[in-house]
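Asks: Numbering (my numbering), first residue to last: 753 to 908.
The structure that follows is given in the form of structure tokens.
In structure tokens:
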């Protein structure tokens, strides 16, 4: 692979769209938590509408892309600028760095919007932070594995 052959556009857009696909992966988790809540409180059975729940498949990925747009653009620019290659070390570094950045970003968003509420506790609102850590790390690790170019003849 030479400098001219590096797939800049593919790598850039792959990492730019990681929040969208993470949001799409988060929807089944959200649906499961809604089902658990409904089973715990049967009085909510008439309150939950299926059309509203299935609209999450549209709204959550778009909102995730909007919320994480700035970190995704920075990550995509950094990965494209440094022209990372497909190696196990690159996959691991990109995955860990993006997981930490996405959880820090979500933690600041949760603190900014919920800190004004009475009885604010970080541990009560830790679920979105942990979910963004897991989905951010997994989605960028998968994007790195699929879209970072490998050198010919090198497998590790």
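Think of the CB as a built atom: it goes at the ideal place given N, C-alpha and C, for glycine as much as any other residue.
1. Could you check where the alpha helix (DSSP H) with residue 760 kicks off and where it finishes?
2. If you count every other CB in all the chains shown that lies within 10 Å of the CB of residue 844, and 16 or more means buried, which is it?
3. Given 7 Å as the limit, tell me if residue 834 has its C-beta closer than that to any heavy atom belonging to the ligand NAP.
4. Along the alpha helix (DSSP H) that carries residue 831, what are the first and last residues, could you check?
5. Compute the Euclidean distance between the alpha carbons of residue 873 and residue 863, then round it to the nearest angstrom.
6. Spatial neighbours of residue 847 within its chain, please: C-beta separation below 8 Å, excluding the five flanking residues on both sides.
7. Give a yes or no on whether the C-beta atoms belonging to residue 837 and residue 769 are separated by under 8 Å.
8. What did DSSP end up calling residue 793 once you bin it into helix, strand or coil?
9. Under three-state DSSP, which class holds residue 788?
10. For residue 796, I'd like the list of residues in its chain whose CB is within less than 6 Å of its CB, leaving aside the five on either flank, ordered along the chain.
11. In angstroms, rounded to a whole number, what distance separates the CA positions of residue 886 and residue 851?
12. Please state the DSSP three-state secondary structure of residue 867.
Replies: Concretely, from the data shown:
1. 760-768
2. exposed
3. The ligand content of the structure shown is nil, which means the ligand NAP is not present either.
4. 821-834
5. 9 Å
6. 889, 890, 892, 893, 896
7. No.
8. Three-state DSSP puts residue 793 in coil, outside helix and strand.
9. helix
10. 790
11. 7 Å
12. coil
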